[in-house]
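Peer 1:
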Amino acid sequence: MPSGNVTQSPVLGPEAIREALEVITHFGDDDVAFMYTSLVEERIQHPFYTRIARHTRRLHAMKDILSDVISSELEHSRRNAKTGAITEHSSEDAITNIQNDARSHSSVVRLVSFLFYRYLSAYRIESNRAFAEIINKTVRDIQRLQKRAMEYIADQFVDAEHASRQRILRSGMIAELKNDVEIVGRQSIVSEITRQITPQSKSFTLVSGAAGIGKTAVVCEAIRQGLSKKDFDALVWVKSPRSIFDIGQQIEQMLEVSVMNPEAFRSFTQNLEIIVVLDGAVLSASELKDTIYLLASCHTVMTSQLQYRNLNGFKRIILPDLPKALAIQLVHKLATNAGAEEGDIADAAARWAYDNAGGNPGQLQDFVRQYVLDSELIITNNMLARLLPRNDQAARQALITICIVGSQGLYKDELDSLDSLIDRQIIQFMVATSLVVYRKHRYYVEDSIIKLITSQIQAEEQQREVGEIIQQVANNLPTMKHHLQLMVADNLVSHRWRSNPFWDAPEFLLRYHTLARHSKAYDVWLDALLEITDSEINMEGHIYTTLAYVLRKLEKFTAAQSAAEFAIQSCGRNGNFIGMGWGMAESGAAHLATGAFEKASEMLQRSLEIAQRTNATELLDFVHSLFAELFFALGDLDAAAEHLAVIPTSWPMLLLQCDILIKLKRWNEAQATLRLLDNYDDDNREGANRQLGDVLILKGHFYFAQRSYSVAASYYRIASERFTLAQQFVRHARAITNTASCYLHDARKRNEGLRMLIENAKQQQMLDDAVGLAVTLSNLEHGRRLAERDGTEALDDQFGDL
Numbered sequence: 006m007p008s009g010n011v012t013q014s015p016v017l018g019p020e021a022i023r024e025a026l027e028v029i030t031h032f033g034d035d036d037v038a039f040m041y042t043s044l045v046e047e048r049i050q051h052p053f054y055t056r057i058a059r060h061t062r063r064l065h066a067m068k069d070i071l072s073d074v075i076s077s078e079l080e081h082s083r084r085n086a087k088t089g090a091i092t093e094h095s096s097e098d099a100i101t102n103i104q105n106d107a108r109s110h111s112s113v114v115r116l117v118s119f120l121f122y123r124y125l126s127a128y129r130i131e132s133n134r135a136f137a138e139i140i141n142k143t144v145r146d147i148q149r150l151q152k153r154a155m156e157y158i159a160d161q162f163v164d165a166e167h168a169s170r171q172r173i174l175r176s177g178m179i180a181e182l183k184n185d186v187e188i189v190g191r192q193s194i195v196s197e198i199t200r201q202i203t204p205q206s207k208s209f210t211l212v213s214g215a216a217g218i219g220k221t222a223v224v225c226e227a228i229r230q231g232l233s234k235k236d237f238d239a240l241v242w243v244k245s246p247r248s249i250f251d252i253g254q255q256i257e258q259m260l261e262v263s264v265m266n267p268e269a270f271r272s273f274t275q276n277l278e279i280i281v282v283l284d285g286a287v288l289s290a291s292e293l294k295d296t297i298y299l300l301a302s303c304h305t306v307m308t309s310q311l312q313y314r315n316l317n318g319f320k321r322i323i324l325p326d327l328p329k330a331l332a333i334q335l336v337h338k339l340a341t342n343a344g345a346e347e348g349d350i351a352d353a354a355a356r357w358a359y360d361n362a363g364g365n366p367g368q369l370q371d372f373v374r375q376y377v378l379d380s381e382l383i384i385t386n387n388m389l390a391r392l393l394p395r396n397d398q399a400a401r402q403a404l405i406t407i408c409i410v411g412s413q414g415l416y417k418d419e420l421d422s423l424d425s426l427i428d429r430q431i432i433q434f435m436v437a438t439s440l441v442v443y444r445k446h447r448y449y450v451e452d453s454i455i456k457l458i459t460s461q462i463q464a465e466e467q468q469r470e471v472g473e474i475i476q477q478v479a480n481n482l483p484t485m486k487h488h489l490q491l492m493v494a495d496n497l498v499s500h501r502w503r504s505n506p507f508w509d510a511p512e513f514l515l516r517y518h519t520l521a522r523h524s525k526a527y528d529v530w531l532d533a534l535l536e537i538t539d540s541e542i543n544m545e546g547h548i549y550t551t552l553a554y555v556l557r558k559l560e561k562f563t564a565a566q567s568a569a570e571f572a573i574q575s576c577g578r579n580g581n582f583i584g585m586g587w588g589m590a591e592s593g594a595a596h597l598a599t600g601a602f603e604k605a606s607e608m609l610q611r612s613l614e615i616a617q618r619t620n621a622t623e624l625l626d627f628v629h630s631l632f633a634e635l636f637f638a639l640g641d642l643d644a645a646a647e648h649l650a651v652i653p654t655s656w657p658m659l660l661l662q663c664d665i666l667i668k669l670k671r672w673n674e675a676q677a678t679l680r681l682l683d684n685y686d687d688d689n690r691e692g693a694n695r696q697l698g699d700v701l702i703l704k705g706h707f708y709f710a711q712r713s714y715s716v717a718a719s720y721y722r723i724a725s726e727r728f729t730l731a732q733q734f735v736r737h738a739r740a741i742t743n744t745a746s747c748y749l750h751d752a753r754k755r756n757e758g759l760r761m762l763i764e765n766a767k768q769q770q771m772l773d774d775a776v777g778l779a780v781t782l783s784n785l786e787h788g789r790r791l792a793e794r795d796g797t798e799a800l801d802d803q804f805g806d807l
């Protein structure tokens, strides 16, 4: 079985195009690689396709894309060649056009006409033989025409797929930026930062200034403008780094690239266009020098209150206060947005804020809000107060409940489990008054209103009112559907809701911390768990098992091991055997993740005994899943399958089960599992691009194991693109190795496969991926033996001293 960068070979070859065209002629339950391209991924985001079943929507989108491209190409080529075409009302009209196109002096018209009428037309020709009879050619002639047509149209898709991939990548990067903030008086600085990050040459830019001056806002706007001018491969946002180690750790977590070897990291990134933002950095002068060296092959922007005046080697931009006229203009707008009415009140708020804060935008915002609050304008003038009278407790309760659910919003049928908190008639009233938005069958509240409700500068009475409603929502958590519980819990443990002092956030964490095991918001839970475990509150040991889980998910294995050991000791002292079992399971999981299989086996066995003795079903399932992973890693597939057979279905276990079934050559069961993965609920996936890439790799394995190397290569190649979009460069490189291993089995593509392996081996050295590199070198050695056997060039001299 092959394993898993960075080549520019086409994602869609002629064979992949042909498979796709043949599938859409009968709309069966077939699955082809084209269905997972960026073009299809982008198309299915259109609301039209949301009404279609998940797997079928990909099929429909693929047909629409093929039809759009080929129809457009036919129309364009006919126009250029001045080849006439009649309007088609019958099959006879279509045959007339086919014959006219076949006589065209333009080879492009002949090729594209064949594709259109053979596969897409409402009057399409069912077979090559029938097509040959229409234009008076032999079947062999049509087969040659078909081959050339597939090659031609595949070339047309190269640019389209690349452009689609860049659009998806760009939209993902923009989504990572802070919400749009109006930039006043900073456009020249924004343009200067944009000029620094957009040239081909890499640079390091320091944006410094006082707290609240707007450093992050101008950097976000500069990156937005830069993304519209140039294609980038990745955006890495490093939050509040305090050391170069912190920077490296966050980059590794987001890019799946090792930073431990600076030379290898620089070599890898110099061929990529990566933006790195070090936001709110506090580094020593020597660490800043080391950071500049480490990130020399990236477009780096660092924001800091420090100016590092004695250092050189980077572009320094200092943000000053806004001039008085611009500051007054900004603060006047802030005052009206905060609830002050136009006229004397807003003018007074603006003057008072400027007198106290000067030209610092962040401080201006704080002062103007304080002025508005002190004047009780929040109560009397803003939209919230006007539309929700203070004595309308039911309306406030409904609004705050929807705010707690968060940006994902609520479907109509989900309101049933919240009927004690939300009155449906009140919801309709709030939609009519624009407090609540109803879009795409969901109710949600704009972030600006959530910020107002959770603001820490509200009067104590208002904060208390919000806190009491938060507590009611928390108390109702057991009555909610599971996925709704997760959405609410993820938000309640976030800082904006947790920081309200008028509800019992610590008690909520102690009671519901195990929900973190079903969440994807690991950073949010980690922040909350660290805060409570560092507090003076007497913690039960079991909560440390959840802390260990979250740390492990964030790949902080040493810290996870420490938390697990503390949990074992604490639960042991208190006689909490189930807690001990969870601690041992987490310890085993951390050992498993770092390759310490013997220690992992020992801890898991102890945990299994406790789970069986105490009849702890959830713990038992968890330990069985870890044993399945352990035996899979050790190559004992039958033992792994036995453990999988006794646990409930989940996304990670389905992936593992499918891999095992493929290795055991149980094709029907493997194919059924792949169908389950295709139709698995998207809400249970940790990251769409990465998870889709994992499934495509399995589909590649499925066909590779059956020696359908061309089909396998198509899946592997598109999987590599999914991993690129997810900024998972190690997985991308391994998928490229998979693709190349398929090419080794085709004498016509063997040289290309060897070249891909040579280039990929160099990339994997830079990525410090020893496992992937070993498989690549093994494939390279195998490919060379094949090349020597059939006389193909061995390319030894191109490999160098890798």
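Under the working numbering, the sequence shown has 520 at position 515, and the numbering climbs by one with no breaks.
Backbone N, C-alpha and C fix where the C-beta goes; we use that ideal spot for every residue, glycine too.
Kindly provide the ranges of any alpha helix (DSSP H) runs that are 4 or more residues long and lie completely inside the segment 160-213, ordered along the chain.
Peer 2: The qualifying runs are 192-202.
Peer 1: Answer with buried or exposed for residue 268, where buried requires no fewer than 16 other C-beta atoms within 10 angstroms of its C-beta.
Peer 2: Its Cβ having fewer than 16 others within 10 Å, residue 268 is exposed.
Peer 1: How many angstroms separate the CA atom of residue 592 from the CA atom of residue 777?
Peer 2: Residue 592 and residue 777: Cα-Cα distance of roughly 26 Å.
Peer 1: Rounding to the nearest angstrom, what Cα-Cα distance links residue 420 and residue 626 in this structure?
Peer 2: About 32 Å.
Peer 1: What is the rounded straight-line gap between the Cα of residue 468 and the Cα of residue 502?
Peer 2: Rounded to the nearest angstrom, the two C-alpha atoms are 11 Å apart.
Peer 1: For the alpha helix (DSSP H) that contains residue 808, what are its first and last residues?
Peer 2: No information on residue 808 is available, as it lies outside the stretch 6 to 807 that the chain covers here.
Peer 1: Rounded to whole angstroms, what's the CA-CA distance from residue 256 to residue 533? Just pull it up for me.
Peer 2: The alpha-carbon atoms of residue 256 and residue 533 are separated by roughly 23 Å.
Peer 1: What residue range is occupied by the uninterrupted beta strand (DSSP E) comprising residue 309?
Peer 2: 304-309 is the extent of the beta strand (DSSP E) around residue 309.
Peer 1: DSSP has residue 442 in a bridge; who is on the other side?
Peer 2: Paired residues: 449.
Peer 1: Pick from 310, 283, 309 and 47: whose alpha carbon is nearest that of residue 299?
Peer 2: Cα-wise, what sits closest to residue 299 is 283.
Peer 1: Span of the beta strand (DSSP E) holding residue 287?
Peer 2: No beta strand (DSSP E) holds residue 287; DSSP gives it neither H nor E.
Peer 1: Hey, residue 248 and residue 312: beta-carbon distance below 9 Å or not?
Peer 2: Not in contact: residue 248 and residue 312 (Cβ atoms no closer than 9 Å).
Peer 1: Are the segment 87-105 and the segment 119-130 touching by the rule of at least three beta carbon pairs closer than 8 Å?
Peer 2: Counting Cβ pairs under 8 Å, three or more are found: they touch.
Peer 1: Would you kindly work out how many angstroms separate the C-alpha atoms of residue 40 and residue 326, rounded to a whole number?
Peer 2: Whole-angstrom Cα-Cα distance: 52 Å.
Peer 1: From the DSSP output, which residues share a beta bridge with residue 322?
Peer 2: Paired residues: 212.
Peer 1: Helix, strand or coil for residue 416 per DSSP?
Peer 2: DSSP places residue 416 in strand when its eight states are reduced to three.
Peer 1: Nearest by alpha-carbon distance to residue 586: which of 599, 565, 604 and 609 is it?
Peer 2: If we check each option's Cα against that of residue 586, 609 comes out closest.
Peer 1: Using C-beta distances below 8 Å, list every residue in its chain close to residue 599, excluding the 5 sequence neighbours before and after it, in chain order.
Peer 2: The residues are 562.
Peer 1: Can you tell me which of the three DSSP states residue 405 falls into?
Peer 2: Reduced to three states, the DSSP call for residue 405 is helix.
Peer 1: Measuring straight from C-alpha to C-alpha, what distance separates residue 265 and residue 253?
Peer 2: One C-alpha to the other measures close to 7 Å.
Peer 1: Go through its chain and collect everything with a Cβ distance to residue 57's Cβ below 8 Å, but skip five positions before and after it.
Peer 2: Counting only Cβ-Cβ distances below 8 Å, and skipping sequence neighbours, we find 65.
Peer 1: Would the segment 764-784 count as touching the segment 717-730 if we require 3 or more Cβ pairs under 8 Å?
Peer 2: The segment 764-784, when compared against the segment 717-730, does not touch it at the 8 Å Cβ threshold.
Peer 1: Taking all protein chains shown into account, decide if residue 25 is buried (16 or more other Cβ within 10 angstroms of its Cβ) or exposed.
Peer 2: So residue 25 ends up on the buried side.
Peer 1: Sort out for me which residues DSSP pairs residue 279 with in a bridge.
Peer 2: Beta-bridge pairing links residue 279 to 239.
Peer 1: Going by C-alpha to C-alpha distance, which of 76, 324, 399 and 581 sits closest to residue 198?
Peer 2: Comparing Cα-Cα distances from residue 198 to each of 76, 324, 399 and 581, the minimum goes to 324.
Peer 1: So the alpha helix (DSSP H) residue 250 belongs to, where does it begin and stop?
Peer 2: It spans 249-260 - the alpha helix (DSSP H) in which residue 250 sits, taken as one unbroken run.
Peer 1: Which runs of the beta strand (DSSP E) spanning at least 3 residues fall entirely within the segment 443-528, listed in chain order?
Peer 2: Listed in chain order, the complete beta strand (DSSP E) runs (minimum 3 residues) inside the segment 443-528 are 447-449.
Peer 1: Could you tell me the boundaries of the alpha helix (DSSP H) in which residue 668 lies?
Peer 2: Segment 656-668, the alpha helix (DSSP H) holding residue 668.
Peer 1: Taking DSSP as the reference, what is the three-state secondary structure of residue 382?
Peer 2: Because residue 382 carries a pLDDT of 40, less than 50, the predicted location of this residue cannot be relied on, and no value is offered for it.
Peer 1: Consult DSSP for residue 394 and reduce its assignment to one of helix, strand or coil.
Peer 2: Caution is warranted here: a pLDDT of 48 is assigned to residue 394, below 50, making its placement in the model unreliable, and the coordinate value is therefore given only provisionally. It is coil, neither helix nor strand.
Peer 1: State the Cα-Cα distance for the pair residue 84 and residue 17, rounded to the nearest angstrom.
Peer 2: Distance between the alpha carbons of residue 84 and residue 17 is about 27 Å.
Peer 1: Any chance the segment 167-179 sits against the segment 43-52, with 3 or more Cβ pairs inside 8 Å?
Peer 2: Contact between the segment 167-179 and the segment 43-52 is present, because at least three Cβ pairs lie under 8 Å.
Peer 1: Pull up the distance between the alpha-carbon of residue 478 and that of residue 620, whole angstroms please.
Peer 2: About 32 Å.
Peer 1: Using 8 Å for Cβ pairs, my map puts residue 210 next to residue 306. What's the rounded Cβ distance?
Peer 2: Sure, about 5 Å apart at Cβ, within 8 Å.
Peer 1: Compare the Cα-Cα distances from residue 617 to each of 457, 452 and 583 and report the closest residue.
Peer 2: Per the Cα distances, 583.
Peer 1: To the nearest angstrom, report how far apart residue 679 and residue 673 are at their CA atoms.
Peer 2: Those two C-alpha atoms are separated by around 10 Å.
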